[in-house]
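Q: Handing you this structure, nothing more for now.
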Amino acid sequence: MNSKSKTKPKLILASGSAYRKQVLESMNLDFETIVSKIDESFADKYACEERPEIIAKAKAEAVRAKIAQMPPQEQKQYKDALIIAADTLLMMNGKSYGKPHDRSEAFQFLEAFSGNTHFAITSIVVFNMQTEAYHSVKNRTAVSFKKLEAQEINAYLDKGEWQGAAGGYRIQGLGECLIKSIEGSTSCVAGLPISDFYDILRAQNYSVLE
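Throughout the sequence shown, residue numbering follows this note's numbering, covering 719 to 928 in sequence.
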């Protein structure tokens with residue numbers, strides 16, 4: 719190892735998302751997960767386009783608060799850490815589509831998307847513990863659905879992928895079968911646009927490729 723090489727800051731993933739964890743693992747990043755449990759309904763008063771960044775920032779802040787409550791000796795390991803948070807929202811005709819509360823609502827979402835184009839908006843927020851500054855990036859991707867029959871929607875819902883998924887489908891699973899075309903980033907729709915994630919880490923002098 720080069721003696722001049724810097725020790726990389728600790729990465730903290732402020733999410734319980736299996737997909738986001740998988741992305742960081744696939745990039746061979748050394749990270750720790752601290753789940754941020756927040757009530758996202760506070761963001762309902764904001765415009766659809768603004769909500770993902772507001773919620774992602776709240777997730778990062780919740781983890782920052784958890785660290786602040788740790789014993790001083792334990793806090794030291796996070797003094798240079800980068801807290802990573804993200805949030806995804808689907809939008810069509812000015813209406814937002816979050817995680818469906820039940821199967822019936824998931825059906826309504828997919829029925830609305832059928833034959834139409836909606837937008838996936840994912841915001842990534844990074845909080846730098848050393849500089850105490852927030853940094854954010856937003857990706858907006860257009861997703862066009864095939865025209866779906868009710869039986870197709872029900873067959874997909876039977877697979878259970880709708881649970882906990884924004885808009886009621888998972889593009890990284892069988893949900894891709896429902897899609898006609900995408901303009902933008904597939905990983906944005908899944909919940910973490912990889913190219914944007916790379917860029918925001920690079921802006922913090924964190925090299926993913928080294």
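All C-beta atoms in this analysis are idealised placements derived from N, C-alpha and C, irrespective of residue type, glycine included.
What residue from F827, K755 and P727 has the CA that sits closest to S735's CA?
A: Residue K755 is the option with its Cα nearest to S735.
Q: Three-state secondary structure (DSSP) at K726?
A: If DSSP states are grouped into helix, strand and coil, K726 belongs with coil.
Q: Which same chain residues, not among the five before or five after K877, have their C-beta less than 6 Å away from its C-beta?
A: L892, listed in sequence order.
Q: Taking the alpha carbon of Y887 as the reference point, which residue from I871, E901 and L910 has its own alpha carbon closest?
A: Taking only the C-alpha atoms, the option nearest Y887 is I871.
Q: What's the gap between the Cα of S822 and the Cα of L875?
A: Answer to the nearest angstrom: the Cα atoms are 10 Å apart.
Q: State the DSSP-derived secondary structure class of S841, mapped to helix, strand or coil.
A: In the structure shown, S841 sits in a strand (DSSP, three-state: E or B).
Q: With contact counted as at least three CB pairs below 8 Å, one residue from each stretch, are the region 800-814 and the region 825-843 in contact?
A: In short, these stretches touch, since the Cβ pair count reaches three.
Q: State the beta-bridge partners of I897 as determined by DSSP.
A: Paired residue(s): F863.
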